[in-house]
Ligand code: NAD
Ligand code: DAU
């Protein structure tokens, strides 16, 4: 394998997983966890993010100071470009300007509930945006079936939701047929197919990963865990969709990012890899656990907080269960998780409670109006 990994274009690097990824590559970790500081990366990162409601440059303040604007021009290894991935001319300019040799594509509209309320942005960014990046990469790298390069790579980040919904047993493997149910998951499934088509048709070297639910610092507090933690802090209701029996498989965000980095370094071109936590929780049981960990830290008893759980109208088409078989990446690349769920959940609860200003900043902005327009006082 002779991948350059010198000038990496990371898309969506101001979001939850992308910002943790950039921190990880530069040897930084939001929670200071030593086991997530060993990427060994020596090149440059160009972070392309158009800063939707979900993008937050505060997550990258340390990176900017140590590797970006905070250092002498010639020593800079981090560059931020506020650009929409659908803007072809700007993406072409960035490939040329930084001589991009690797793309790690996180940018997406990522929240299932929002995709139900307004699918258009999901189709635009997740489908058209991914297409634009692939097409610019193919042209810039001059790839074709007759010119298959092994020094460049396009890695696409995707989700287990493309596989649909499981019953009580079984796991999604890399060969499970796609069966997406929501506008979000169908837009991600479309993008996965286009990525594969660029490999088979144009010889673009790609890898693809499908991951389960991530948790950890910097997640936008519309998603289950940060929403529940901040509502516990504020004494607000804890809205559980339906009976709360849906099952998700949870992985610590830095373990996901280590897997991505291993694939980018040594994954085989044209292959997809499932990444999972092997850690299934019914939503309601997970909430009980979060209440147990968070209540003492906010000076309330767990019994008191339990009374604020409200069962609200279910998400339309709510997938029952996700669970990933990740034996391929374990066997082929030797990847293993480093964070136990007990440790990771406690770290996460502590992080949100200790970074109230980070949460409050988000909750006080554009999001506040959006949530009250769409949910009233239900969230
Ligand atoms: P996020 O919503 O927190 O961040 C998305 C980022 O993309 C934001 O910074 C946003 O500003 C940026 N973005 C959105 N549209 C853009 C556009 N048109 N141009 C440029 N930038 C744009 O998302 P996340 O949870 O960090 O997810 C990152 C990726 O991982 C997504 O592709 C998602 O589908 C995938 N994924 C997420 C999870 C999870 O549990 N969160 C699990 C598996 C896969
Ligand atoms: O599985 C991977 C996916 O995980 C990613 O592809 C998505 O980008 C990411 O958002 C996440 O999707 P989910 O829909 O599983 O995550 P969310 O946090 O929105 O919801 C988790 C579960 O909790 C789900 O069953 C719905 C439920 N839920 C969620 C919210 C926000 C509630 O019961 N109440 C809530 O208020």
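Numbering (full-length UniProt numbering), first residue to last: 1 to 379. Ideal placement from N, C-alpha and C gives every residue a C-beta, glycine not left out.
Three-state secondary structure (DSSP) at residue 46? Reduced to three states, the DSSP call for residue 46 is strand.
Return the bridge partner residues of residue 3 from the DSSP annotation. Residue 3 pairs with nothing; no bridge assigned.
Quick check on the burial criterion: 16 or more other C-beta atoms within 10 angstroms. Buried or exposed for residue 127? When all chains shown are included, residue 127 counts as buried.
As a quick exercise: from 139, 41, 309, pick the residue whose alpha carbon is nearest that of residue 238. Of the candidates 139, 41, 309, the one whose C-alpha sits nearest the C-alpha of residue 238 is 309.
Does the Cβ-Cβ distance between residue 252 and residue 196 come in under 7 Å? It is not a contact, given that the beta carbons lie outside the stated cut-off.
Going by the CB atoms, is the gap between residue 178 and residue 134 shorter than 7 Å? No, they are not a contact pair.
I need the straight-line Cα distance from residue 44 to residue 153, nearest angstrom please. Distance between the alpha carbons of residue 44 and residue 153 is about 15 Å.
Span separating the alpha-carbon of residue 332 from that of residue 272: Near 12 Å, if we compare the C-alpha coordinates of residue 272 and residue 332.
Can you name the residues that DSSP bridges to residue 226? Answer is none; residue 226 lacks a bridge partner.
Taking 6 Å as the line, does the beta carbon of residue 208 fall inside it for any heavy atom of ligand 2? Because no heavy atom of ligand 2 lies under 6 Å away, the Cβ of residue 208 does not count as near it: no.
Quick one: complete beta strand (DSSP E) runs, 3+ long, within the segment 176-243? If only uninterrupted beta strand (DSSP E) runs of at least 3 residues are considered, those enclosed by the segment 176-243 are 206-211, 213-215, 238-241.
Any non-hydrogen atom of ligand 1 closer than 6 Å to residue 122 Cβ: Outside the cutoff, so no.
Secondary structure of residue 11, DSSP reduced to three states: Residue state, collapsed to three classes: strand.
Would you call the segment 315-330 in contact with the segment 170-177, where contact means no fewer than 3 C-beta pairs closer than 8 Å? Contact holds: three or more Cβ-Cβ distances are below 8 Å.
Using the DSSP secondary-structure output, state which residues sit across from residue 158 in a beta bridge. Answer is 210.
Label residue 183 either buried or exposed according to how many other C-beta atoms from any shown protein chain fall within 10 Å of its C-beta, with 16 as the threshold for buried. With 16 or more other Cβ atoms from the protein chains shown falling within 10 Å of its own Cβ, residue 183 counts as buried.
Are three or more beta carbon pairs between the segment 154-162 and the segment 225-235 nearer than 8 Å? Using a Cβ-Cβ distance cut-off of 8 Å, the segment 154-162 and the segment 225-235 are not in contact, since fewer than three pairs of beta carbons, one from each stretch, lie closer than that value.
Using only CA atoms, which one of 112, 255, 118 lies nearest to residue 180? When the alpha-carbon of residue 180 is set against those of 112, 255, 118, the nearest one is in 112.
From residue 215 to residue 146, what distance separates their C-alpha atoms? Going by the C-alpha atoms only, they are around 42 Å apart.
State the DSSP-derived secondary structure class of residue 52, mapped to helix, strand or coil. Residue 52: coil per DSSP, three-state reduction.
For residue 307, does the count of other Cβ atoms within 10 angstroms reach 16, so buried, or fall short, so exposed? Flag for residue 307 reads exposed.
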